[in-house]
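Residue numbering for the sequence shown follows my numbering, beginning at 5 and increasing consecutively.
By construction, the Cβ of each residue, glycine as well, lies at the ideal position given by its N, Cα and C atoms.
Every value quoted in this text rests on a predicted model; they were computed, and no experiment measured them.
This report concerns only the one structure given below.
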Amino acid sequence: MNSRRTFLLSLVASAGTPALLASRVLAQAPPPPVKLEESDPIAMALGFKLDTAKVDAKKYPQHSVAQKCSECAVYQAKAGDTLGPCVAIGNKLVPAGGWCVAFSKKPASGKKASGDGVRN
Ligand code: SF4
């Protein structure tokens, strides 16, 4: 009887362990990325628009329609993706055609970043 009890306890333990480990791994995994909405308080503070063509030109005179998330230095999407994480906004997903006041143009490929010793 004692060996039967031990056997049953070992069955329960072996069946429960992977499930317990899986639940712990899932509990520690980072949350899935969230799409940034214009109503998000951070988005509102940064004048974020899902479509760069809809930015208020009077409120943001520095804006141009050529400025969009896909051209921004902190946009982290892979080529061809229509949404990508924005480092400036907690890695929330922004559309390639979005815009906010934190826009900073990507350096042109093949050119050295500033600080290369060349003076203007
Ligand atoms: S910081 Fe750049 S990538 Fe992020 S929302 Fe603003 S314009 Fe888009």
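| Item | Value |
| --- | --- |
| Neighbourhood of Ala100 by C-beta distance below 8 Å, restricted to the same chain and skipping five residues each side | Lys72, Cys73, Ser74, Tyr79, Ala81, Asp85, Thr86, Leu87, Gly88 |
| C-alpha distance - Lys109 paired with Gln32, whole-angstrom precision | 35 Å |
| Ile93 beta carbon near the ligand SF4 (any heavy atom closer than 7 Å) | yes |
| Of the residues Asp60, Leu50, Asp55, Ala106, the one placed nearest Cys136, counting alpha carbons only | Not covered by the structure: residue 136. The range shown for the chain is 5 to 124. |
| Enclosing beta strand (DSSP E) for Pro89 [first to last residue] | 87-90 |
| Tyr79 Cβ short of 7 Å to the ligand SF4 heavy atom set | yes |
| Residues bridged to Pro99 [DSSP beta-bridge criterion] | Leu87 |
| C-beta contact flag for Gly94 and Thr56 at 8 Å | no |
| Cβ-heavy atom distance, Ala106 to the ligand SF4, below 7 Å | yes |
| Pro45, enclosing alpha helix (DSSP H) - first and last residue | 45-49 |
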